[in-house]
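Only one structure is covered here, and it is reproduced in the block below.
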Amino acid sequence: MANTFPCKIVTPTANAFDGEATYVSFPAWDGQYGMLKGLAPLLSTLAPGTLRIDNEEGSASFLIEGGFAHVDGETLTLVTEGALPADEINLEEAKAELAEANARVTSDEKDRLAVERAQQVATAKVALASK
């Protein structure tokens, strides 16, 4: 337990994870971050993508849909709109979601941002389910 730190994944409806981690990798707006024990203070915007948590029991991956990462002291807290465990993602459904998002492409600025977001989430789902 000497090389672990507390990690939490919080969504609007539940705590998706609350435990110890040895390493956490998550997508941020400016690239992929990796965290080990001895964290520096941090506040960052999360991007849709794959979150991986390693601990002494193994590794778990989640699809996250954006949000915020916060490090205060030794604790990493990820507040996200959604966190779906990798083993709950169906590849065919993810591909269908991506095809639907791609079909919704529009030039309307408001709709374009929503479509791009749907494309990012669906692309991340397909990538995670394909592993």
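In terms of our numbering, the sequence shown opens at residue 211 and continues consecutively.
Cβ coordinates follow ideal geometry from the N, Cα and C atoms, glycine included.
{"Query": "Of the residues 229, 280, 250, 221, the one placed nearest residue 238, counting alpha carbons only", "Result": "280"}
{"Query": "Opening and closing residue of the beta strand (DSSP E) in which residue 275 lies", "Result": "268-282"}
{"Query": "Through-space distance from residue 291 to residue 329, alpha-carbon basis", "Result": "16 Å"}
{"Query": "Residues near residue 216 by beta carbon distance below 6 Å, same chain, minus five either side", "Result": "285"}
{"Query": "Runs of alpha helix (DSSP H) lying entirely within the segment 301-334, each at least 4 residues, in chain order", "Result": "301-313"}
{"Query": "Strand pairing of residue 238, partner residues [DSSP]", "Result": "241, 256"}
{"Query": "Beta-carbon gap between residue 331 and residue 288 smaller than 8 Å", "Result": "no"}
{"Query": "Backbone secondary structure at residue 293 - three-state DSSP", "Result": "strand"}
{"Query": "Cβ shell of residue 308 (< 8 Å), same chain only, five flanking positions each side left out", "Result": "329, 332, 333, 335, 336"}
{"Query": "C-alpha distance - residue 310 paired with residue 303, whole-angstrom precision", "Result": "10 Å"}
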